[in-house]
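Student:
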Amino acid sequence: MGWLRAWVVRIGAALAATAVAGCGGAPEGVVPRAGAPEADAQPETTVRTGAVSIALAGDVMLGRLVNDLIYEAGPAYVWGEMLESLRAYDLFLVNLEFALTSHTEPWHDGAFKAFYFRADPSAVESLQEAGVDFASLANNHALDFQVAGMLETLRVLEGAGIAHAGAGENAAAARVPAVLRAKGLRVGVVSWADYPVEWAAGEDSPGINFTPVSVEAEDFAAVERAIRAAREQADFVVFSIHWGPNWRVRPPEGFRRFARAVIDAGVDVFWGHSAHIVQGVEFYSGRPILYDTGDFVDDYAVDPEKRNDLSALCGEMGTEVVEGEAGVLLRPAGR
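Under numbering that gives the first Met the number 0, think of the first position of the sequence shown as 0, with each following residue one higher.
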């Protein structure tokens with residue numbers, strides 16, 4: 000069964016203590032934040048305050064047959080052989096591709112939907128078993144069981160101590176970044192979706208954090224504001240987006256322009272999901288763009304060619320201190 004299998008890519012390595020003077024720049028493979036002083040202008044300084052490991056998974060769907068398995072085999076069972084590895088990370092982030100709700104009346108207004116995903120609120124115990132720290136809710140299943148189901152999902156996650164972003168009682172709430180803390184490092188996460196527009200939160204109406212995939216100034220301004228808000232509260236910013244059609248192997252050029260603009264706006268990691276398959280990973284300005292992280296836990300049939308049973312990208316981040324100024328480092332590593 001595909002939901003028991005996973006693909007793990009390490010995007011980072013631990014940051015060793017490094018003397019800045021005489022290095023001629025940052026250590027090989029280490030990218031300081033934009034605007035950091037050149038190394039040859041620094042006195043000798045030790046670079047390291049810590050490192051935080053983070054796992055970014057694609058879609059997690061605990062409804063239907065997976066929900067049944069939780070009852071039959073226990074909440075930890077659904078993670079299979081990945082469980083101990085996931086527990087070892089300091090932070091674990093997922094896209095929550097279902098509603099955690101007891102409401103059973105599906106959404107029928109507006110666009111036709113073929114699939115509606117929900118799990119009983121008790122399924123949150125499965126997220127806790129794996130140490131999930133954050134759930135992205137800006138996606139095309141957050142309102143599968145109407146506004147009541149979405150609002151219950153928020154309450155269930157909050158009751159379990161799991162941070163979330165991307166949906167809320169209004170547009171302002173849906174755009175609030177989550178700020179995660181581990182080992183002294185603050186990781187901000189903003190969450191967006193490019194569909195369905197019918198579910199976009201309004202000034203006084205609940206819904207998801209919607210954005211078109213556009214770099215036009217009028218469209219992109221809200222994205223830039225959200226990134227700035229996250230940057231003001233965090234040392235490291237992750238941009239989550241549920242976007243594009245299913246089963247596309249490569250991102251279109253317009254998506255690549257958008258992702259690069261997001262990095263230029265101040266994001267450290269771009270984290271895409273929705274296509275059900277893993278797409279490419281690009282390093283742009285020294286920052287990783289994960290165009291799609293695929294499926295992680297679900298009950299879907301597995302396509303042997305497109306391999307929709309692969310997911311999970313993991314890495315390690317750290318902070319540097321140079322004469323009291325903190326920044327974020329990322330050392331890319333092999334698979």
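Where is the CB? At the ideal position from N, CA and C, for every residue including glycine. Every value quoted in this text rests on a predicted model; they were computed, and no experiment measured them.
For the pair the segment 210-223 and the segment 158-168, tell me if three or more CB-CB distances fall below 8 Å.
Tutor: Contact fails: fewer than three Cβ-Cβ distances are below 8 Å.
Student: With DSSP run on the structure shown, which of helix, strand or coil describes THR152?
Tutor: Here THR152 sits in helix by DSSP.
Student: According to the neighbour-count rule (16 or more other Cβ atoms, all chains shown, within 10 Å of its Cβ), is TYR70 buried or exposed?
Tutor: Flag for TYR70 reads exposed.
Student: Quick check on DSSP: helix, strand or coil for GLU124?
Tutor: In the structure shown, GLU124 sits in a helix (DSSP, three-state: H, G or I).
Student: Quick check on DSSP: helix, strand or coil for PHE209?
Tutor: Strand, per DSSP.
Student: Are the segment 266-277 and the segment 216-225 touching by the rule of at least three beta carbon pairs closer than 8 Å?
Tutor: No, they do not touch.
Student: Is it right to say SER284 is buried, meaning 16 or more other beta carbons lie within 10 angstroms of its own, or is it exposed?
Tutor: Burial call: exposed.
Student: What residues in its chain sit with their C-beta under 6 Å from that of GLU128, if we drop five residues either side in the sequence?
Tutor: Hits under 6 Å: PRO74, ALA75.
Student: Can you list, in chain order, the residues of its chain whose CB lies under 7 Å from that of TRP246, leaving out five sequence neighbours each side?
Tutor: Closer than 7 Å at Cβ, skipping near neighbours: ALA274, HIS275, ILE276, LYS305.
Student: Just list the beta strand (DSSP E) runs in the segment 44-81, keeping only unbroken ones of 3 residues or longer that don't cross its boundaries, in chain order.
Tutor: For the segment 44-81, whole beta strand (DSSP E) runs of length 3 or above, ordered along the chain, are 49-59.
Student: Helix, strand or coil for GLY167, going by three-state DSSP, please let me know.
Tutor: GLY167: strand per DSSP, three-state reduction.
Student: Just mark ASN206 as buried or exposed, buried being the case when its beta carbon has 16 or more other beta carbons within 10 Å.
Tutor: Before going on, a small fix: residue 206 reads as Gly here, not Asn. Looking at its Cβ environment, which holds 16 or more other Cβ atoms inside 10 Å, GLY206 is buried.
Student: Do you know offhand how far LEU156's Cα is from TYR115's?
Tutor: Approximately 19 Å between the Cα atoms of the pair.
Student: Taking DSSP as the reference, what is the three-state secondary structure of PHE219?
Tutor: Reduced to three states, the DSSP call for PHE219 is helix.
Student: Can you give me the C-alpha to C-alpha distance between GLY28 and GLU168, rounded to a whole angstrom?
Tutor: Low confidence applies here, because GLY28 scores a pLDDT of 33, under 50, leaving its location unreliable; read the following figure in that light. About 42 Å.
Student: So what does DSSP say about ALA141, is it helix, strand or coil?
Tutor: Coil at ALA141, not helix or strand.
Student: What is the C-beta distance between VAL236 and GLY265, in whole angstroms, given that I count them as a contact (C-beta under 8 Å)?
Tutor: Between GLY265 and VAL236 the Cβ distance is about 7 Å, and since that is below 8 Å, they are a contact.
Student: Spatial neighbours of ALA228 within its chain, please: CB distance less than 7 Å, with the 5 preceding and 5 following residues excluded, ordered by chain position.
Tutor: Excluding sequence neighbours, ALA228 sits near PRO176.
Student: Take PRO287 as the anchor and find which of ASP297, LEU90, ASP263, VAL296 has the nearest alpha-carbon.
Tutor: Looking at the Cα atoms, ASP263 is the closest of the given residues.
Student: Can you name the start and end residues of the beta strand (DSSP E) that ASP294 belongs to?
Tutor: Unbroken beta strand (DSSP E) run through ASP294: 294-296.
Student: Here's a check: name, in chain order, each residue in its chain whose Cβ is nearer than 6 Å to the Cβ of ARG255, leaving out the five neighbours to either side.
Tutor: Here the set comprises nothing.
Student: Please classify PHE257 as buried or exposed, where buried requires at least 16 other C-beta atoms within 10 Å of its C-beta.
Tutor: So PHE257 counts as buried.
Student: Leaving out five residues before and five after ARG117 in sequence, what residues of the same chain have Cβ atoms less than 7 Å from its Cβ?
Tutor: Taken in chain order, the residues that qualify are GLY62, PHE97, ALA98, THR100, ASP143, PHE144, GLY148.
Student: In chain order, what residues of the same chain lie with their CB nearer than 7 Å to the CB of VAL146, ignoring the 5 residues before and after it?
Tutor: Excluding sequence neighbours, VAL146 sits near PRO205.
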